[in-house]
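Read through the structure below, which is laid out as structure tokens, and then see the notes.
Numbering (this note's numbering), first residue to last: 68 to 177.
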């Protein structure tokens, strides 16, 4: 599987990310493009999960905060789309605001 395919596949659900990670791990030499997008998509998934979990807990205490759920969903969708477009185009372009942080935080993905 080529690096561009691994890159966009990493954005297609957690199953796609796992398949992309396995394919990337088996490739030699490692592609910087694939590594970059594996980190970006992992960061988007972790951030989305953490935000949804945090909001779910808050909504139990303060029910009217459920409206924030929609805003978080839209923001995460935009980040996902921007990352996917960059992967399809073969660009190492980080998602806005948090993309550079994902590259620092997820150095264990090589």
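We put the CB at the ideal spot given by N, CA and C, even for glycine.
Exercise. For the alpha helix (DSSP H) that residue 126 lies in, which residues bound it at each end?
Worked result: 99 to 128
Problem set entry | Local Cβ density within 10 Å of residue 76, reported as buried at 16 or more and exposed below that | buried
Exercise. Relative to the C-alpha of residue 119, which residue among 139, 100, 131, 105 is closest?
Worked result: 139
Problem set entry | Residue nearest to residue 168 in terms of C-alpha spacing, selected from 124, 108, 157 | 108
Exercise. Do residue 117 and residue 74 come within 7 angstroms of each other at the CB atom, strictly closer than that value?
Worked result: no
Exercise. Residue 151: which of 91, 89, 112, 92 sits nearest, CA to CA?
Worked result: 112
For this session: Just mark residue 161 as buried or exposed, buried being the case when its beta carbon has 16 or more other beta carbons within 10 Å.
Result: Taking all protein chains in view, the Cβ of residue 161 is crowded by 16 or more other Cβ atoms within 10 Å, so the residue is classified as buried.
For this session: Would you tell me roughly how many angstroms separate the C-alpha atoms of residue 159 and residue 171, rounded to the nearest one?
Result: 14 angstroms
Exercise. Any heavy atom of the ligand HEM within a distance shorter than 6 angstroms of the CB on residue 155?
Worked result: Absence of the ligand HEM from the depicted structure is noted, as is the absence of any ligand whatsoever, leaving it without description.
Exercise. Which residue from 91, 81, 165, 144 puts its Cα closest to that of residue 72?
Worked result: 91
Exercise. Alpha carbon to alpha carbon, how far is residue 130 from residue 163?
Worked result: 30 angstroms
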